[in-house]
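Asker: Shown below is the structure under consideration.
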Amino acid sequence: MKIVETEQELRACYAVMKELRPHLVSEDAFVAQVMRQHEQNYRILAVWDEGEVVALAGYRYQENTVYGRFLYVDDLIAAEKHRSRRWGALLLEKLTVFAQESQCARLVLDTGLSNVLAQRFYFREGLLPGALRFGKVFA
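Count along the sequence shown from 1, then add 1; that gives the number in my numbering.
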């Protein structure tokens, strides 16, 4: 498990991220987007097994008047063929350590209301719902 630092490592993450974010149009576009997000302190923590990325978490440190300083998890995914091996739990454990070491008040993530399997996983890992997020899409 390590923080992705090079373009080659980032490219190795694309297939797994595409499972979570099927709207991603290409590996090159993914790399460009993550490079832009990197300027906003976005990082990817990835798990490799036998030279292959099997799970990853995209995260960033943020601060607002609601939570104070917190670690926000943008993305959390274990590749379909590598599920049920506790990769997601291990990533959350490591992110929790990162948050605590950085004096964050909490770890925060969003999940779709229809994503019942993810919700069950988050409950099992000790995360509790704390808000309902509303949004407006601008085409």
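Backbone N, C-alpha and C fix where the C-beta goes; we use that ideal spot for every residue, glycine too.
Just so we're clear, the structure is a prediction, and the values are computed from it rather than from any experiment.
From the DSSP output, read off the bridge partner residues of Val74.
Answerer: Beta-bridge pairing links Val74 to Tyr60, Leu110.
Asker: Please tell me whether Arg107 and Phe71 are closer than 7 angstroms, where the distance is taken between their beta carbons.
Answerer: Taking 7 angstroms as the Cβ cut-off, Arg107 and Phe71 qualify as a contacting pair.
Asker: From the DSSP secondary-structure annotation, give me the bridge partner or partners of Asn116.
Answerer: According to DSSP, which records beta bridges pairwise, Asn116 is partnered with nothing at all.
Asker: Can you confirm whether the region 106-120 touches the region 45-52 when touching is taken to mean that 3 or more C-beta pairs between the two stretches lie within less than 8 angstroms?
Answerer: The answer is no - the region 106-120 does not touch the region 45-52, with fewer than three Cβ pairs under 8 angstroms.
Asker: I want to see whether chain B comes within less than 7 angstroms of Arg86, judged by CB atoms only; does it?
Answerer: This model lacks chain B altogether; it includes just one protein chain.
Asker: With DSSP as the reference, please indicate the residues paired to Asn65 in a beta bridge.
Answerer: According to DSSP, which records beta bridges pairwise, Asn65 is partnered with Gly69.
Asker: Between the C-alpha atoms of Asp50 and Asp75, what's the straight-line distance to the nearest angstrom?
Answerer: C-alpha separation (whole angstroms): 22 angstroms.
Asker: My understanding is that Leu77 touches Leu91, with C-beta atoms under 8 angstroms, so please give their C-beta distance in whole angstroms.
Answerer: Not a contact, Cβ separation roughly 11 angstroms.
Asker: Using CA atoms only, rank isn't needed, just tell me which of Glu6, Gln9, Glu40, Ala58 is closest to Glu20.
Answerer: Nearest option by C-alpha distance: Ala58.
Asker: Ala56 and Trp88: beta carbons closer than 7 angstroms?
Answerer: Cβ distance < 7 angstroms, so Ala56 and Trp88 count as in contact.
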